[in-house]
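Below is one structure, written out as structure tokens, with a few remarks after it.
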Amino acid sequence: MRFIMDKLIRKNQELSAILDISRVLTSSFNLEKNLHAVMESLAGQLEMQRGGVFLPDRLSRELRIVAAYGLTREEIKRGTYRIGEGIVGRVIESGEPMFIPNIGAEPKFLNRTDSRPRKSGVSFLCIPIELDGHIMGVISVDRIYTEEHGNMDGDLRVLSIVASFIAQFVKLWEHFRQTEQECGHLRSQLRDKFNLSNIIGESGVFQQVLKSVRKVATTDTTVLLLGESGTGKELIAHTLHYQSRHSKEPFVAVNLAALPENLIEAELFGVEKGAFTGATARRVGRFEMARRGTIFLDEIGELPFNLQVKLLRVLQERTYERIGSSESVFSDARVVAATNRNLLDEVAKGRFREDLYWRLNVVPVEIPPLRARAEDIPLLLDFYINKFNRMYDRNLRFESTAVEQLTRYAWPGNVRELSNFVERLVIMAEKDLIGREDLPYNLSSNMPAPTPITDEIAGGRDSLPGEVERIERLHIIQALREHNGVQQRASKSLGLAPRQLGYRIKKYGIRPREI
Ligand SMILES: Nc1ncnc2c1ncn2[C@@H]1O[C@H](COP(=O)(O)OP(=O)(O)O)[C@@H](O)[C@H]1O
Ligand SMILES: [Mg+2]
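Heads up: take any position in the sequence shown, counting from 1, add 238, and you land on our numbering.
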């Protein structure tokens, strides 16, 4: 009877030790702390005197004690084994557990740690830590067996369960560490890439922009980036994030013009499980993904009117609700918004809420178009020709005549157009020195800076026939500008017969000489 009771008590202790250890191992990704806690737990519940977890060092492959119980710091330091050496080494080599009943009588026992003054009566258990046939390390334990205390079979059983927990944990920890290292590496690459020194421009107007960027990068205020397409709004949004103190948190970009209107709310704020048929799992919104980082709302002018209120609330109170939930979610994501529209116009037309406009407009940063800062063009040409030369292993150079010509060009697509142009040139050019005559025709003709046609098109809405005529007229003007008013060439580029062009020029009252 007494025997059975003892056995039950013992089993109970084993179970609670195992439970305890499984909890410890899932509590965090701190390798040494968790393994140390495992040894403490084993010592406390299974009356073990000493113990250690041995894992191979990543570089030297020598076994080292990662966590121990009952050993001093010095002893831990001494306790390195080479694979195949001593009992610990043999277990890792063979993958078979070993049990030494009395270490005083065992020659293989090296006692590297020199921590066992009374060898006699102490037994030594050593178990491999193994996962999918791969031996990752060993766990060893000393204990004194007496009549009343302990039995080897039980210990081996508990230790092999614990060893398999440790194996899983170490594997996860290795993945975790690797991912974290990669993340850190990528993050520092991003920090380098989105560094202010990679934003090119020394003109006075652009330096003003950079000054504001530097100032707001260190704050958490909402920033509104204004400027034509291709002026660098997204680049600056990235830079604001990677130079801020939230650079370790995510940067999440949402292009509101690219999303169908009926999906924007779900995309931004997420959907609670069961919110509608088909919502089988909770969907995380972009605000939630951005956590304490930055959310970049590109093309904010496209935000549907009914959602503008919801965004206003996020900006004012930092809270919102997922679709299908009444629970408020807190968000401390920093908001950076951008648009190429004139938001005040949108307000005047009743398409954009005035209160939201003012809330977004705390720190507006207006990026001037390239044609308004022509002195930056040579610098950008230089920056991009170097970049693409490196990328495509070429050695192109611009002659000064080409630079002058390109500086006169209006770049309606701004820096994006310039960068695309240089990349194309680096890929296609047949010689290294690029002169004015090597530039494509539309870039080499002398023309006054035209207003980008797309902007004029976006300017207003008309009835469809009216709209078509307006666009036709603008295309004709653009073509005439591009060909210095030479109708013959302009008609060719438009795909019209000269007679057809002449007819339209008259119809729209265009005066080619004045263009
Ligand atoms: N000042 C600048 N210096 C260097 N590259 C720039 C600069 N401004 C824009 N670019 C580049 O031009 C391209 C378009 O910029 P982007 O930020 O996408 O413009 P936007 O968002 O205003 O349309 C990107 O490749 C960007 O890296
Ligand atoms: Mg953009």
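Each residue gets a CB set at the ideal place from its N, CA and C atoms; glycine is no exception.
Remember, it's a predicted structure, so these values are computed and weren't measured experimentally.
Per the DSSP secondary-structure output, Y307 pairs in a beta bridge with G289. When the beta-carbon positions are compared, E540 and F507 stay at least 9 Å from each other.
For E540, the Cβ stays outside the 8 Å cut-off from all heavy atoms of ligand 2.
Considered as a whole, the segment 512-544 harbours 532-536 as its complete beta strand (DSSP E) runs of no fewer than 3 residues, in chain order.
Taking 8 Å as the cut-off, the C-beta of A513 does not count as close to any heavy atom of ligand 1. Here T477 is not bridged, per DSSP, to any residue. Taking the Cβ atoms as the reference, R711 lies roughly 5 Å from Y746, within the contact range of under 8 Å. In the DSSP assignment, R381 falls within the unbroken beta strand (DSSP E) covering H372 to I382. Per DSSP, the continuous beta strand (DSSP E) segment holding E368 begins and ends at V360 to L369. Relative to the non-hydrogen atoms of ligand 2, the Cβ of S467 comes within a distance shorter than 8 Å of at least one. Distances from the CB of D536 to the heavy atoms of ligand 2 include at least one below 8 Å. When distances are taken from the beta-carbon of A576 to the heavy atoms of ligand 2, the shortest one is below 8 Å. Between the beta-carbon of T460 and that of L553 there is about 6 Å, and that keeps the pair under the 8 Å contact cut.
Per DSSP, A405 is one residue of the alpha helix (DSSP H) stretching across M390 to K431.
One thing to note: L280 has its Cβ no nearer than 9 Å to the Cβ of V376. Contact annotation, I437 with L478: C-beta distance approximately 11 Å; criterion of less than 8 Å not satisfied. Contiguous beta strand (DSSP E) elements confined to the segment 437-500 occur at 461-464 and 489-493, taking only those with 3 or more residues. In terms of Cβ geometry, L463 and A575 form a close pair [threshold 9 Å].
V653 has its CB nearer than 8 Å to a heavy atom of ligand 1. In this structure, E604 has its beta carbon at no less than 8 Å from each heavy atom of ligand 2.
In this structure, the alpha-carbon of E499 lies about 19 Å from that of N578.
Sequence-distant Cβ neighbours of S254 in its own chain, meaning closer than 8 Å and more than five residues away, are Q283. I303 has its alpha-carbon roughly 20 Å from the corresponding atom of S266. Of G523, F407 and V291, the smallest CA-CA separation from V492 is found for G523. When DSSP states are grouped into helix, strand and coil, T264 belongs to the coil group.
Within the same chain, and ignoring the five residues on either side of V585 in sequence, the residues whose Cβ sits closer than 6 Å to its Cβ are E592 and Y595.
With a threshold of 8 Å, the Cβ atom of E472 counts as near ligand 1, since some heavy atom of the ligand is closer than that. Using a Cβ-Cβ distance cut-off of 8 Å, the segment 657-675 and the segment 623-635 are in contact, since at least three pairs of beta carbons, one from each stretch, lie closer than that value. Comparing alpha carbon positions, the residue from E440, L369, H484 and A495 closest to S467 is A495. DSSP, reduced to helix, strand and coil, places R572 within a strand of the structure shown. The continuous stretches of alpha helix (DSSP H) do not include M336, which lies in the beta strand (DSSP E) extending over residues M336 to I338. I665 counts as exposed, since fewer than 16 other beta carbons sit within 10 angstroms of its beta carbon. According to the DSSP secondary-structure assignment, V601 is paired through a beta bridge with V461. In this model, D393 and F414 are separated by some 31 Å (Cα to Cα).
Ligand 1 has no heavy atom closer than 8 Å to the beta-carbon of F659. Rounded to the nearest angstrom, the gap between the Cα atoms of C421 and V408 is 19 Å.
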